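For reference, the structure discussed in these notes is given below.
Structure, rendered in structure tokens:
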């Protein structure tokens, strides 16, 4: 390891005393920040030397990580898996080397607090380095090759080259490794592919077939109300699509009055080409809208200004009779419902054509109190409290759906759970709740009730993990917070999106929230617009 005159950065393993040797282990002390240990003023040469040392140290740590992942995989044989489900679940893949548990990637994702996709790639890379690329791993361990380049070589010669003879893999490694530190990542990958194709033409055909089977269309949110629509397809088809989009967008840019950037026009061409809004025979694009209604937003001042009696949730203790029913101490009363409907009518909010409109009532902590559709709210407003039909009271008229005495949740429970959870509740998973299962945290077969307090949304993958993976532990608190503990003892927590946002809102200074985003249209392609009565709302 290169050193400077006064300091150097490296990696040292320090043995710790065994817990058996000390009945009172020393409390953890946070280490002093590294910048505080270095001179505050450093020359350009010293900073350059420091950056090189950091890169070498990161490589050494990456080599240690490779070893740790490989040993974790060895400790998770597939012989411990419970043999349930489809044969496809038992098929080795980039996330599951032969003989390894199908749940290894899920455990590693929780250990690293990373996505399952990232854990899958890491397992493939570490398996390739330990089993097929010893020289690359040695260079990484010594700090001569950085992790991005070692990862690039392993990615090209790992699962993608699974049917290539070991002697061919060794020859490719020997050919590219000497020049690897000098090549960019893109050029290094190209060199590996070139050397592999020269030695095994069938490997290129296998890679192309694998790539074609992975073609898909996905959506990636990037923030600020914008998402990327990613289409993975053969290169020649992608090039043809891009050329046609460019032609249509360029033509649209020449029309009178068009001032939108060319990139915006390209996006509009893609949207119009897929949705074809000018075709009256195609179904209109619609949406299922959920409006979040913090109970505190229906403030006491608004009721007092109208001369209406206060709902019990706003009244000080002892000022009104205690409500006969409540949700976590905060009842959703007839007055709340009528106040909300008056506001909605004032702004003209209605369900979109072909879609739905529902309301999610939450408390100050973001806990979901109730879910109701527009039609249900209007029915409640007309009916009022069944126990006090002649006046306003503090009785709850909406709440969490009641438990049922069977395995399958009721329709109101499913609606409540999907509104509360929004996505799969496994930590780090973002699959939509609409495509997830409503699963019992405490299994129904072990006495777990079919109640919203014991149910959560899990995608099919993580439902399978919870049911069949050995030694995973799931616990859900009364407020819906889910904790998952791996067999290796790592615990991760999953909170509902509303509870996270409520905590962030409390921590943020008043008036500093993000601005609202206006609705916009990307319509670009010229065509006959639909009749006004068939024109769908821009949702």
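Residue numbers (the numbering used here): 542 to 1080. C-beta: ideal position from N, C-alpha, C; glycine also. On a predicted model such as this, the values are computed, not experimentally measured, just so you know.
When the Cα atoms are used, residue 619 and residue 751 turn out to be separated by approximately 25 Å. Taking the Cα positions, residue 556 is about 18 Å away from residue 606. Looking at the DSSP output, residue 768 bridges to 762. Rounded to whole angstroms, the Cβ separation of residue 948 and residue 916 is 29 Å, and the two are not in contact under 8 Å.
Scanning its chain for C-beta atoms nearer than 7 Å, with the 5 sequence neighbours on each side dropped, one finds around residue 667 the residues 607, 610 and 611, in chain order.
Counting other Cβ atoms within 10 Å of its Cβ, residue 927 stays below 16 and is therefore classed as exposed. DSSP lists 1023 as the bridge partner or partners of residue 1017. Per DSSP, the unbroken alpha helix (DSSP H) holding residue 698 starts and ends at 688-698. The beta carbon of residue 898 sits closer than 6 Å to the beta carbons of 830, 892 and 915 from its chain, once the five residues preceding and following it are set aside; these are given in chain order.
The stretch 808-823 and the stretch 786-798 touch, with three or more beta-carbon pairs separated by less than 8 Å.
Excluding sequence positions up to five before and after residue 794, its CB lies within less than 7 Å of the CB of 803 and 806, all in the same chain and listed in chain order. For residue 901, the secondary structure class from DSSP, reduced to helix, strand or coil, is strand. As the crow flies, the alpha-carbon of residue 988 is around 11 Å from that of residue 995. Distances from the alpha-carbon of residue 1010 to those of 643, 604 and 753 put 643 closest. Beta-bridge partners of residue 829 (DSSP): 897. Inclusion of residue 657 and residue 665 in the CB contact set at 8 Å is not warranted, their separation being larger than that value. Cβ contact annotation for residue 907 (same chain, cutoff 8 Å, sequence separation greater than five): 1037, 1039, 1040, 1041, 1042, 1043 and 1044, in chain order. When the beta-carbon positions are compared, residue 682 and residue 601 come within less than 8 Å of each other.
The beta carbon of residue 1028 sits closer than 6 Å to those of 1012, all from its chain and outside the five residues before and after it, given in chain order. In this structure, residue 1016 sits away from residue 960, with a CB-CB distance that is not shorter than 8 Å. Bounds of the alpha helix (DSSP H) holding residue 586 are 585-615. By the CB criterion at 8 Å, residue 769 and residue 733 fall outside the cutoff. Residue pairing by DSSP leaves residue 1011 without any beta bridge partner. In the three-state reduction of the DSSP assignment, residue 729 falls in the helix class, which pools H, G and I. Rounded to whole angstroms, the separation of the alpha carbons of residue 958 and residue 979 is 7 Å. Classified as exposed, residue 817 has fewer than 16 neighbouring CB atoms from the shown chains inside 10 Å of its CB. Going by DSSP, residue 668 is part of no beta strand (DSSP E) but of the alpha helix (DSSP H) stretching over 657-672. Bounds of the alpha helix (DSSP H) holding residue 785 are 776-794. As the crow flies, the alpha-carbon of residue 723 is around 42 Å from that of residue 967.
The bridge partners DSSP lists for residue 998 are 979.
In the DSSP assignment, residue 646 falls within the unbroken alpha helix (DSSP H) covering 645-653. Residue 713 and residue 756 have their C-alpha atoms spaced approximately 28 Å apart. About 17 Å separates the CB atoms of residue 965 and residue 956; that is not less than 8 Å, and the two are not in contact. Contact annotation: residue 702 and residue 744 have beta-carbon atoms nearer than 8 Å. Scanning its chain for C-beta atoms nearer than 8 Å, with the 5 sequence neighbours on each side dropped, one finds around residue 720 the residues 732, in chain order.
With respect to the C-alpha of residue 685, the residue from 1047, 820, 1034 and 593 having the closest C-alpha is 593.
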